[in-house]
Amino acid sequence: MDLDGDFLVIGGGIAGLRAALSLSDAGDVILLTKGDPSESNTGYAQGGIAAALGPDDSPELHARDTIAAGGGLSVPAAVDVLVREGPRYVRELVEWGAAFDRDESGAPALGREAAHSVRRVLHARDATGREIARVLGSRAGGNPHIRVIGDAVATGLHLTGGACTGANFVTAAGERGRVAADATLVATGGAGYIFRETTNPALATGDGIAMAARVGARIMDLEFVQFHPTALDLDGSPRFLLSEALRGEGARLVNHLGEPFMERYEPAGDLAPRDLVARAMVREMTRTGAPVYLTMAHLDPAFVLGRFPAIALACARVGLDLAHDRLPVSPAAHYMMGGIETDLDGRTSVAGLFAAGEAACTGVHGANRLASNSLLEGLVFGARAAAAMQRPPRPSALRSEGVVDAPLPGGSAGPIPTAHIVRSLMWRSVGLLRERRALEATVRRLERWIGAATLREPESGSAERRRVFSLVMVGWLVARAALRREESRGAHFRTDFPERDDLHWNKHISDRLYV
Ligand code: FAD
Ligand code: SIN
1 MDLDGDFLVI GGGIAGLRAA LSLSDAGDVI LLTKGDPSES NTGYAQGGIA AALGPDDSPE
61 LHARDTIAAG GGLSVPAAVD VLVREGPRYV RELVEWGAAF DRDESGAPAL GREAAHSVRR
121 VLHARDATGR EIARVLGSRA GGNPHIRVIG DAVATGLHLT GGACTGANFV TAAGERGRVA
181 ADATLVATGG AGYIFRETTN PALATGDGIA MAARVGARIM DLEFVQFHPT ALDLDGSPRF
241 LLSEALRGEG ARLVNHLGEP FMERYEPAGD LAPRDLVARA MVREMTRTGA PVYLTMAHLD
301 PAFVLGRFPA IALACARVGL DLAHDRLPVS PAAHYMMGGI ETDLDGRTSV AGLFAAGEAA
361 CTGVHGANRL ASNSLLEGLV FGARAAAAMQ RPPRPSALRS EGVVDAPLPG GSAGPIPTAH
421 IVRSLMWRSV GLLRERRALE ATVRRLERWI GAATLREPES GSAERRRVFS LVMVGWLVAR
481 AALRREESRG AHFRTDFPER DDLHWNKHIS DRLYV
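So for the sequence shown, the working numbering puts the first residue at 1; every next one is plus one.
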């Protein structure tokens, strides 16, 4: 199936859908999406979307909190765009029918999450992403200029004279196709699934990052992987997220004796930034030799069940009562701060290729993302990328201070790992706590796997082969970046370099591959 469009959008989460809606005013859009919108990270989002809309809030305050969480690496110009343009796009979502919760006065009810200095998070109970996906998805579905091809996996990008001119794809039925387009947007989301323990759905394999890396696009800041502190940790159950909004409404982290412990490690207690909470939990588990728990038993059960119905239902399915039980929790990979390096308009280092949302790296989150800023980023930068895709081409204004050129590993004929092997390796060696020896060994193993001849041509392989290719490719880029950064900052923690080192490392670094 060969298709022609003015614009190609790969990905049907918040970034891809928002971009497609703008692009449809200027031409015909083809949108490829690998799965049902409910299975995107957008569909999974719980806590909400941050925007400076409250009477005690301002874009300046939102920027200050975002930059404080970002460990010195948030790009101020990107933060400025996010916080200033965010409210307008969130209001637009409301105009389009997003049913966010409201307070008694009819204004959007604003939730509290860690490291936000005021209540700032709009939410639709505890299933905000599902509501946003519903609104954007139905708008795109009814738009005659957007052709959505569902169950279509993009397998590789085309380059013509160094510029991106579209992509190949394969459908669930095995039919192969090609889309030719003047401009292509990668909005394929994150790659949490490269880790064995993750809050992300199985679709989050980082395909777009892997595809962009293969055509030489710059990939920035991949060492910064956010581990969410409170994923349910029950043998045999999925790592269901227990939203930070629970702590925003008063939930406490306690040890096996029922003692709150966060203040022992962090002055901000349960509402410290995620990286600090996650590491404090590991320290408490090590100190006590026992699990840690989240509890809401001291709060009004009617409030808890009314405010968090989806989480309560997920808990009930595994025999837990959200309002009364202690819920076993531990950190799990949640969000990629890094990705395909873009400027403020989604341009990458490859002409004709744009990126937005979690697959992209504008630098807005620095080394650690502030809760609920990701949906906002997808909305704002999805729309901005769409605007830039309609303008005459011009070079991107990228920001990384260092670019490392490296060959795509090749030539080693070895066994191909299973997805489980790759994900377990990543979790063990490139997880919350990292150190040189394990990182070096992991980089070498991943290089051999990428180099295995069968993996060099993922486009012609089976669906599983392609999936493993994305996992090893993105895993390798994450591990390389984590090995290179010999300091600890934000979500990247090296036990052998536990201090932040602004003298040498206060910078963004990108990898650029060549064959
Ligand atoms: P996604 O929503 O992940 O969409 C990616 C799309 O790309 C999907 O449609 C997928 O099918 C498609 N795709 C992928 N690969 C291919 C391919 N090869 N070919 C074709 N299509 C492809 N952020 C917040 O701001 N607030 C929250 O409350 C919040 N809660 C979260 C809760 C959970 C459990 C998780 C996992 C994340 C949460 N996040 C939250 C993060 C946020 O949801 C994501 O960062 C954001 O939704 C990413 O949007 P996106 O459009 O970039 O990607
Ligand atoms: C959560 O609800 O805790 C997730 C919010 C986010 O990742 O921004």
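Positions of the beta carbon are idealized from the N, C-alpha and C atoms, including for glycine.
Any non-hydrogen atom of the ligand FAD closer than 6 Å to residue i Cβ
{"i": "G200", "result": "For the record, residue 200 in the displayed sequence is Asn; it is not Gly. Checking the Cβ of N200 against the ligand FAD gives yes."}
{"i": "Y44", "result": "yes"}
{"i": "D207", "result": "yes"}
{"i": "A154", "result": "yes"}
{"i": "E341", "result": "no"}
{"i": "N41", "result": "yes"}
{"i": "L203", "result": "yes"}
{"i": "I10", "result": "yes"}
{"i": "K34", "result": "yes"}
{"i": "S374", "result": "yes"}
{"i": "S14", "result": "The residue asked about is misnamed: residue 14 is Ile in this sequence, not Ser. Checking every heavy atom of the ligand FAD against the Cβ of I14, one is found closer than 6 Å."}
{"i": "A127", "result": "no"}
{"i": "L241", "result": "yes"}
{"i": "A191", "result": "no"}
{"i": "E464", "result": "no"}
{"i": "A314", "result": "no"}
{"i": "T188", "result": "yes"}
{"i": "E516", "result": "As displayed, the chain neither begins before 1 nor continues past 515, which places residue 516 out of reach and without an answer."}
N-terminal and C-terminal residue of the alpha helix (DSSP H) that residue i is part of
{"i": "V282", "result": "274 to 288"}
{"i": "L61", "result": "59 to 69"}
{"i": "V90", "result": "76 to 95"}
{"i": "Y265", "result": "262 to 265"}
{"i": "P309", "result": "309 to 317"}
{"i": "Y44", "result": "41 to 44"}
{"i": "E377", "result": "373 to 389"}
{"i": "R247", "result": "244 to 248"}
{"i": "R347", "result": "R347 -> no alpha helix (DSSP H), and no H or E assigned at all."}
{"i": "A438", "result": "436 to 451"}
{"i": "G208", "result": "207 to 214"}
Distance cut-off 6 Å: residue i Cβ against heavy atoms of the ligand SIN
{"i": "A371", "result": "yes"}
{"i": "E244", "result": "yes"}
{"i": "G86", "result": "no"}
{"i": "G47", "result": "yes"}
Bridge-paired residues (DSSP) for residue i
{"i": "T418", "result": "DSSP, once it has assigned bridges, lists no residue as partnering T418."}
{"i": "G357", "result": "Answer is none; G357 lacks a bridge partner."}
{"i": "G402", "result": "I509"}
{"i": "A181", "result": "G5"}
{"i": "H228", "result": "A332"}
{"i": "L157", "result": "A167"}
{"i": "E341", "result": "C361"}
{"i": "L294", "result": "L253, L327"}
{"i": "H30", "result": "In the sequence on display, residue 30 carries Ile and not His. Its beta-bridge partners are L8, R147."}
{"i": "M473", "result": "Per DSSP, none; premise fails for M473."}
{"i": "V135", "result": "Paired residue(s): none; V135 is not in a bridge."}
{"i": "M220", "result": "G339, S510"}
{"i": "T198", "result": "A333"}
{"i": "I49", "result": "L122"}
{"i": "V186", "result": "I10, A355"}
{"i": "G111", "result": "V121"}
{"i": "A152", "result": "T171"}
{"i": "P37", "result": "Looking at the DSSP assignment, P37 forms no beta bridge with any residue, so it has no partner."}
{"i": "R100", "result": "The identity of residue 100 in the sequence shown is Phe, whereas the question assumes Arg. Per DSSP, none; premise fails for F100."}
{"i": "P407", "result": "Y514"}
{"i": "L241", "result": "A231"}
{"i": "R500", "result": "Per DSSP, none; premise fails for R500."}
{"i": "H492", "result": "R489"}
{"i": "R176", "result": "V170"}
Check: residue i C-beta below 6 Å from any heavy atom of the ligand HEM
{"i": "G378", "result": "Because the ligand HEM does not appear in the structure shown, any question about it cannot be addressed here, the ligands present being the ligand FAD and the ligand SIN."}
inquiry  = Between the segment 218 to 226 and the segment 474 to 489, can you find at least three pairs of beta-carbon atoms closer than 8 Å?
reply    = yes
ask   = Counting Cβ pairs, one atom from each stretch, are 3 or more of them under 8 Å apart for the segment 32 to 51 and the segment 115 to 128?
value = yes
request  = Tell me, please, whether the segment 429 to 436 touches the segment 126 to 141 by the rule of three or more beta-carbon pairs shorter than 8 Å.
outcome  = no
request  = Give a yes or no on contact between the segment 195 to 205 and the segment 365 to 381, applying the rule of three or more CB pairs nearer than 8 Å.
outcome  = no
message = Closer than 8 Å is the cut-off here; do at least three beta carbon pairs connect the segment 147 to 160 with the segment 76 to 86?
response = no
The segment 436 to 456 touching the segment 225 to 239, judged by at least three CB pairs closer than 8 Å = no
task = Assess, as a yes-or-no matter, whether the segment 179 to 188 is touched by the segment 11 to 19 under the definition of 3 or more beta carbon pairs within less than 8 Å.
result = yes
ask   = With contact counted as at least three CB pairs below 8 Å, one residue from each stretch, are the segment 407 to 418 and the segment 314 to 325 in contact?
value = no
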